[in-house]
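Each remark here refers to the structure printed beneath this line.
Number of protein chains: 2
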Amino acid sequence: MSAAQIDRWFQEPPNAVKAAKMIKAIAEDSEIRSRILNAAEELFAKNGLETSIREITELANVNIAAVNYYFSSKTALSEAIFEQLSQRINIKRLSDLESLLSLARNECRPPSLRDIVLAFIRPYFEPGSDGKLLARLILQSRIAPTSLTKVIVERHFDPMAKRFIEAFSLACPSVEASKFYRRYEFMVGTVVFTISDPAGGSRMRRLSNGRIDVDDPDVASSLVSFVIGGLSADDGLVPDQSG
Amino acid sequence: MSAAQIDRWFQEPPNAVKAAKMIKAIAEDSEIRSRILNAAEELFAKNGLETSIREITELANVNIAAVNYYFSSKTALSEAIFEQLSQRINIKRLSDLESLLSLARNECRPPSLRDIVLAFIRPYFEPGSDGKLLARLILQSRIAPTSLTKVIVERHFDPMAKRFIEAFSLACPSVEASKFYRRYEFMVGTVVFTISDPAGGSRMRRLSNGRIDVDDPDVASSLVSFVIGGLSADDGLVPDQSG
DNA sequence: AATCATTTCAAATGGTCATTTGAAATGATT
DNA sequence: AATCATTTCAAATGACCATTTGAAATGATT
Numbered sequence: 430m431s432a433a434q435i436d437r438w439f440q441e442p443p444n445a446v447k448a449a450k451m452i453k454a455i456a457e458d459s460e461i462r463s464r465i466l467n468a469a470e471e472l473f474a475k476n477g478l479e480t481s482i483r484e485i486t487e488l489a490n491v492n493i494a495a496v497n498y499y500f501s502s503k504t505a506l507s508e509a510i511f512e513q514l515s516q517r518i519n520i521k522r523l524s525d526l527e528s529l530l531s532l533a534r535n536e537c538r539p540p541s542l543r544d545i546v547l548a549f550i551r552p553y554f555e556p557g558s559d560g561k562l563l564a565r566l567i568l569q570s571r572i573a574p575t576s577l578t579k580v581i582v583e584r585h586f587d588p589m590a591k592r593f594i595e596a597f598s599l600a601c602p603s604v605e606a607s608k609f610y611r612r613y614e615f616m617v618g619t620v621v622f623t624i625s626d627p628a629g630g631s632r633m634r635r636l637s638n639g640r641i642d643v644d645d646p647d648v649a650s651s652l653v654s655f656v657i658g659g660l661s662a663d664d665g666l667v668p669d670q671s672g
Numbered sequence: 430m431s432a433a434q435i436d437r438w439f440q441e442p443p444n445a446v447k448a449a450k451m452i453k454a455i456a457e458d459s460e461i462r463s464r465i466l467n468a469a470e471e472l473f474a475k476n477g478l479e480t481s482i483r484e485i486t487e488l489a490n491v492n493i494a495a496v497n498y499y500f501s502s503k504t505a506l507s508e509a510i511f512e513q514l515s516q517r518i519n520i521k522r523l524s525d526l527e528s529l530l531s532l533a534r535n536e537c538r539p540p541s542l543r544d545i546v547l548a549f550i551r552p553y554f555e556p557g558s559d560g561k562l563l564a565r566l567i568l569q570s571r572i573a574p575t576s577l578t579k580v581i582v583e584r585h586f587d588p589m590a591k592r593f594i595e596a597f598s599l600a601c602p603s604v605e606a607s608k609f610y611r612r613y614e615f616m617v618g619t620v621v622f623t624i625s626d627p628a629g630g631s632r633m634r635r636l637s638n639g640r641i642d643v644d645d646p647d648v649a650s651s652l653v654s655f656v657i658g659g660l661s662a663d664d665g666l667v668p669d670q671s672g
């Protein structure tokens with residue numbers, strides 16, 4: 430699908446056959462591009478974020494120059510992946526949150542804190558959702574932020590975070606609202622760090638002499654309990670009434 | 430202080446003047462070595478862990494070959510820093526923990542959970558303790574572990590972790606003991622992620638429209654409340670009695 | 001003073017990397 | 001069929017990196 434083709438598309442009179450072709454072209458656009466995206470996503474998840482273009486293009490079975498042709502730089506490719514993943518997972522979270530909030534509103538009760546936390550955590554554990562990769566990308570952007578990871582966090586994470594922070598206040602009216610700015614971040618830390626524990630050499634397994642592991646099916650629910658406990662903690666301090 | 434010098438030292442008869450010189454030599458050993466260590470620590474903390482040897486040696490004002498001369502490789506240098514920092518902070522934590530445990534024992538009461546958590550968190554916030562650098566190094570070893578970061582974690586962190594996990598059980602007998610293997614890791618995640626928030630462009634500040642920041646003096650106590658809430662959470666599940 | 005080990009240094013080495021180039025292939029348009 | 005834009009590809013480019021080299025300087029030992 431070239432720029433020139435698109436230009437012509439708008440200049441020419443309508444034509445059913447051409448339209449069909451054009452739609453097909455857009456739908457398949459572009460096989461190589463998505464082969465690169467998939468390979469990169471797979472290798473980033475498996476081997477970390479310092480995978481070279483060479484490895485990616487070898488797995489994708491495309492020429493090494495294709496990355497620069499389709500994405501203009503390796504950085505742009507990484508950010509495309511980060512953005513795509515962030516968007517997919519955060520849209521899911523937000524829609525889960527909104528529907529549980531409106532359900533609570535209809536039933537004239539506050540939303541349940543457990544439901545909110547589950548809406549936040551669930552996408553990380555759903556099979557095929559690449560939660561582990563997203564967790565690594567978030568940690569990476571913590572340690573070594575780039576101007577573009579900052580943009581992605583601001584665009585795809587901050588709005589969702591604000592909604593969750595509001596929801597926490599609804600669910601826990603006894604906790605002073607401004608505390609949730611911090612507690613939200615604390616929650617993110619707990620979740621992201623836990624998810625990113627490398628499979629196999631897991632630290633939990635070592636510390637517990639093999640009894641407990643990160644990949645145990647009930648880690649998610651342990652995590653939820655911990656987070657709920659933290660979010661709703663009574664810290665015994667007098668809330669600041671000045672603001 | 431050369432190997433040959435040390436050999437001679439043990440072969441030769443005692444001599445007060447020589448002894449004095451030797452002790453001086455050991456004490457100053459080696460100025461360049463420590464200039465490199467300090468520069469590397471500073472740059473790792475400021476610019477992340479991918480600082481090049483060139484930058485380090487420029488700041489330290491030594492020749493670029495000095496790193497390989499004194500540390501044999503850049504990896505070994507990083508690990509020397511990681512190890513030194515881990516040891517310093519973890520020894521402090523362990524000794525704080527042991528003394529609060531023995532105090533509780535003498536007074537025939539369980540230790541307070543708050544005291545234990547404080548012993549864990551305090552070193553990260555003490556000025557000059559390089560808590561931020563350590564947090565970054567820990568996150569880094571999460572995302573991209575090397576065979577030697579693994580060794581450092583096992584040597585300097587795992588024994589301390591086991592002690593803290595035992596202490597949590599003493600402080601919270603109502604929580605089934607094996608839960609603390611997980612909850613300890615959850616705590617680490619919360620703390621490390623929070624500490625590593627880059628100064629200046631802090632996310633908390635953004636989300637709260639400037640009202641709350643990571644560098645606020647009371648973040649530590651918010652963190653402690655959250656962690657206590659999580660550690661002592663009642664998850665409503667029936668504990669596994671089979672083991 | 002002569003010999004020896006250690007330390008410093010500028011320059012070279014060799015490897016990996018992302019990116020560019022320019023020609024060849026493909027495919028669409030007239 | 002001829003022209004044009006787009007896509008593919010092998011090879012080259014140039015930057016940056018850690019590490020090595022070997023000679024010169026320093027310092028200790030006899």
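First to last, the sequence lines map onto chains A and B.
In terms of our numbering, the first sequence is residues 430 to 672.
In terms of our numbering, the second sequence is residues 430 to 672.
For glycine and all other residues, C-beta sits at the position ideal for the given N, C-alpha and C.
From a predicted model like this one, the values you see are computed outputs, not experimental measurements.
Which class does residue i belong to by DSSP, given the choice of helix, strand or coil?
i        : result
B:Ala596 : helix
B:Gly557 : coil
A:Asn638 : coil
B:Asp587 : helix
B:Asp664 : coil
A:Val643 : coil
B:Glu536 : coil
A:Glu527 : helix
A:Val604 : coil
A:Thr575 : coil
A:Glu460 : helix
Apart from the five residues on each side of it in sequence, which residues of its chain come closer than 8 Å, Cβ to Cβ, to residue i?
i        : result
B:Ile465 : Ile485, Thr486, Ala489, Val491, Ala495, Val496, Tyr499, Phe500, Leu506
B:Arg517 : Ser558
B:His585 : Glu512, Ser515, Gln516, Asn519
B:Gly659 : Arg612, Phe615, Met616, Thr619
B:Gly560 : Ile518, Pro552, Tyr553, Phe554, Ile624
A:Phe473 : Thr480, Ser507, Ile510, Leu562, Arg565, Leu566
A:Ile493 : Ile482, Arg483, Thr486
With a CB to CB cut of under 7 Å and the five nearest residues on each side skipped, what residues in its chain are close to residue i?
i        : result
B:Ala533 : Pro539, Pro540
A:Ala649 : Ile550, Phe554
A:Ala596 : Leu526, Leu530, Pro540, Ile545
B:Leu523 : Met589, Arg592
A:Arg543 : Val653, Ile657
A:Leu599 : Pro539, Pro540
A:Ile461 : Val491, Ala495, Tyr499
B:Leu547 : Val653
A:Arg567 : The displayed chain sequence assigns Ile, not Arg, to residue 567 of chain A. Answer for A:Ile567: Val621, listed in chain order.
B:Lys521 : Pro552
Determine the extent of the alpha helix (DSSP H) in which residue i is found, giving its start and end residues.
i        : result
B:Gly560 : 560-572
A:Pro552 : 542-554
A:Arg708 : Only positions 430 to 672 of chain A appear in this structure, which leaves residue 708 of chain A out of reach.
A:Val648 : 648-660
For residue i, which residues of its own chain have a beta-carbon under 6 Å away from its beta-carbon, when the five flanking residues on both sides are left out?
i        : result
A:Leu478 : Gln569
A:Glu700 : Shown here, chain A extends from 430 to 672; a query on residue 700 of chain A therefore has no answer.
Less than 7 Å between the CB of residue i and some heavy atom of the ligand MN, yes or no?
i        : result
B:Ile550 : This structure does not include the ligand MN; it has no bound ligands of any sort.
(request) Scan the segment 475-525 of chain B and note each continuous alpha helix (DSSP H) run of 4 residues or more that stays entirely inside, going in chain order. (result) 482-489, 495-500
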